[in-house]
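Written out as structure tokens, the structure reads:
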């Protein structure tokens, strides 16, 4: 039987956690704070090293004998290859500007979630192995040996960073913590230390073209199901094409939009918009994923998956690509694609067939974001919009980290929103635009087993939503990211019940007056339109 | 001597110490950032806890108005229910105010005969508060598991709907 403390012992409890230096506190794997380890079949599918069954909480990680050598050589290789990584290992002055900017630190209070300390996890090993001061002075110079405990600490905390880059906005040196996490994860992947929530989608995307592993007939089936709904709502039957050679535009969106609500309403929105424009576009059932979970694994894997989009564009002979509402897809396109495989000279510089606008910003990648495309349509007065149809919604805008900080799409969605809804309220200044707070689930951390981590990491975002919910009655959180659409609903459910989540083009399609449509009585979700609630009741 | 008057007089000191007592449950390096009371959006944990502590203390003084107490307590417990605390650690801070009040009053006042009954009623209210906090804690944890179940359901909902295994909005 367990020993019960005596009353006088109980009254002497010290409530403060023990005071120790961070290097002396070994990592503790807390339930709800990490994801399942990668399965062997997921690593085998893409030829990744050390596929085996393993559990992160187990003592034995089944590592190759020379694991330490592999990591140190891996660091050396990346120091040679990436100037950014080399710089970020050396230049931090520990000013602390980043310390309280990370949503995971803000939510957990765990000092190892301070960006500076997360970087120190790897810097300390870098100093020990690659700097003279570190080799000689050891701990005094902030250096430490790479041990199994250190490796476990890396794994735990590099999968507690969503690569959102909020900290880098505040860093006077511009150190990009996401780049450090990316390299940290690359190194871990050399030993087969991934999480299944990332490794599984990567394997699926590599084999079948999308993260969810949807096969062509399922993709068509899912979209047709949405087309039935669109017909019920608008009276119009839309007939999109699939894998059509010679189409002007290839449209690619995250597969989450094809599968689960509320992303499906956004996908309905895309199709209604394109139908109204008479756009010459095609879906592909092979390049059917805008997202790129390879990006959460290694640069090489991200490049391999990204290449598939362009190979498909080439095969179909389209002029350019429009991408749907996705977050990290756009960081990949905007900041990496051109280095990996650009310029995509076999495609043409995107030019809107409706307005004639040439998207010079996509001159090299030949891929534009649907928010740019739609904002241009509205600016040129090409859409008939009835914002009153969204009057049952009080909307606020969540800047997704990757599109906001990674690409600068700040104004386009706001411009669109102001044209399609009458009630739009911004969240407080320090929580939007470049300073936006992450959903807490990005970079492949949107699993179910780490819900506690997600709720903590999402607290700063939810806290700002709660403010506009309490003050203005906001009931809809709009965004342009599939991970947001999947993870913000549970986040709202926990922190701000009563706030739903929508993609931008769901709201566009609600407001879009289509030629020949019947009088609409409901929005895309089947909810009665404002003023028609009673009519709906009578009808039922 | 009325306990309430003394507590009102010593409010700022007790509230400050009570807040510090809550902060003690976090790692030392986190306490500095969490202390920044003015940062409502940059520091939701510290802000909510500080505001909550003050709100709860006012409720102890002025009588427990269920809606007000519920709002303050919910904000605090909702946060602590997802942080790395055991259930008892998550709500333990409520009891700390008993000791703090006695320390602030001083031995002479505490041992005053007229004070014993008043302190005893205050203790009873604090106990109620703790029980209430535990209810909220349980609701929050149940919500987390509900969210997990809901996510699993959402992942298969469309497929089941298409296979006509679930009645969807298409009837």
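Residue numbers (our numbering), protein chains in the order written: chain P, 43 to 582; chain L, 72 to 242. Every residue gets a Cβ at the ideal spot worked out from N, C-alpha and C, and that includes glycine. No experiment lies behind these values; they were computed from the predicted model shown.
Which of helix, strand or coil DSSP assigns to residue i
i	result
residue 309 of chain P	helix
residue 463 of chain P	coil
residue 240 of chain L	Low per-residue confidence applies at residue 240 of chain L: pLDDT is 46, beneath 50, and the placement is therefore not dependable, though the value from the model is reported in the following sentence. If DSSP states are grouped into helix, strand and coil, residue 240 of chain L belongs with coil.
residue 139 of chain P	coil
residue 543 of chain P	strand
residue 484 of chain P	coil
residue 259 of chain P	helix
residue 315 of chain P	helix
residue 265 of chain P	helix
residue 103 of chain P	coil
residue 96 of chain P	coil
residue 227 of chain L	helix
residue 112 of chain P	helix
residue 555 of chain P	coil
residue 71 of chain P	coil
residue 284 of chain P	strand
residue 362 of chain P	strand
residue 123 of chain P	helix
residue 521 of chain P	strand
residue 215 of chain P	coil
residue 204 of chain P	coil
residue 474 of chain P	coil
residue 455 of chain P	helix
residue 401 of chain P	coil
residue 570 of chain P	strand
residue 370 of chain P	helix
residue 437 of chain P	strand
Beta-carbon separation (whole angstroms), residue i vs residue j, contact threshold 8 Å
i	j	result
residue 207 of chain P	residue 496 of chain P	Rounded, the Cβ-Cβ distance is 18 Å, inconsistent with contact.
residue 520 of chain P	residue 479 of chain P	About 15 Å; that fails the 8 Å criterion.
residue 463 of chain P	residue 423 of chain P	That belief does not hold up - the Cβ atoms of residue 463 of chain P and residue 423 of chain P are roughly 18 Å apart, past 8 Å.
residue 486 of chain P	residue 240 of chain P	4 Å
residue 360 of chain P	residue 290 of chain P	6 Å
Residue i at chain L interface by Cβ criterion, 8 Å
i	result
residue 302 of chain P	yes
residue 566 of chain P	no
residue 148 of chain P	yes
residue 521 of chain P	no
residue 252 of chain P	no
residue 35 of chain P	As displayed, chain P neither begins before 43 nor continues past 582, which places residue 35 of chain P out of reach and without an answer.
residue 43 of chain P	Residue confidence is low: residue 43 of chain P scores 48 on pLDDT, short of 50, so the model does not pin down where it sits. Its coordinate-derived value is still stated next. So no, residue 43 of chain P is outside the interface.
residue 438 of chain P	no
Close-in-space but distant-in-sequence residues of the same chain around residue i (CB under 8 Å, 5 per side omitted)
i	result
residue 420 of chain P	427, 457, 458, 461
residue 137 of chain L	none
residue 569 of chain P	434
residue 215 of chain P	133, 134, 135
residue 64 of chain P	153, 154, 159, 162
Cβ-based neighbour list, residue i, same chain, cut-off 6 Å, excluding 5 preceding and 5 following
i	result
residue 128 of chain P	121
residue 414 of chain P	454
residue 224 of chain P	none
residue 175 of chain P	183
residue 386 of chain P	352, 408
residue 112 of chain P	232
residue 148 of chain L	204, 207, 208
residue 188 of chain L	none
Sequence-distant residues of the same chain with beta carbon closer than 7 Å to residue i, five excluded per side
i	result
residue 118 of chain L	108, 110, 111
residue 97 of chain P	79
residue 89 of chain P	none
Cβ of residue i within 8 Å of any chain P Cβ
i	result
residue 219 of chain L	yes
residue 136 of chain L	no
residue 105 of chain L	yes
residue 101 of chain L	yes
residue 186 of chain L	no
residue 215 of chain L	yes
residue 181 of chain L	no
residue 147 of chain L	no
Beta carbon proximity, residue i to chain C, threshold 8 Å
i	result
residue 155 of chain L	Structure shown: chain C not included; protein chains present are P and L.
Legend entry - Cβ pair count under 8 Å reaching 3, the segment 368 to 383 of chain P against the segment 316 to 333 of chain P: Flag = yes, the segment 368 to 383 of chain P and the segment 316 to 333 of chain P touch.
Legend entry - the segment 74 to 81 of chain L in contact with the segment 144 to 158 of chain L per 3-pair CB rule at 8 Å: No contact exists between the segment 74 to 81 of chain L and the segment 144 to 158 of chain L.
Legend entry - Meets three-Cβ-pair contact criterion under 8 Å: the segment 188 to 196 of chain P and the segment 139 to 151 of chain P: These segments do not touch.
Inset, instruction - May I ask you to verify whether the segment 523 to 535 of chain P touches the segment 295 to 304 of chain P, counting CB pairs closer than 8 Å and requiring at least 3? - result: With the cut-off at 8 Å, the segment 523 to 535 of chain P and the segment 295 to 304 of chain P touch.
Inset, instruction - May I ask you to verify whether the segment 338 to 357 of chain P touches the segment 298 to 308 of chain P, counting CB pairs closer than 8 Å and requiring at least 3? - result: As far as the Cβ criterion goes, the segment 338 to 357 of chain P does not touch the segment 298 to 308 of chain P, which means the pair count is below three.
Legend entry - Contact between the segment 351 to 358 of chain P and the segment 318 to 330 of chain P (3+ Cβ pairs under 8 Å): In short, these stretches touch, since the Cβ pair count reaches three.
Inset, instruction - Answer yes if the segment 268 to 287 of chain P comes into contact with the segment 240 to 251 of chain P, meaning at least three C-beta pairs across the two stretches below 8 Å, and no otherwise. - result: With the cut-off at 8 Å, the segment 240 to 251 of chain P and the segment 268 to 287 of chain P do not touch.
Inset, instruction - Kindly confirm or deny that the segment 259 to 272 of chain P and the segment 309 to 322 of chain P touch, where touching means at least three C-beta pairs closer than 8 Å. - result: Between the segment 259 to 272 of chain P and the segment 309 to 322 of chain P, the count of C-beta pairs closer than 8 Å reaches three or more; the two stretches touch.
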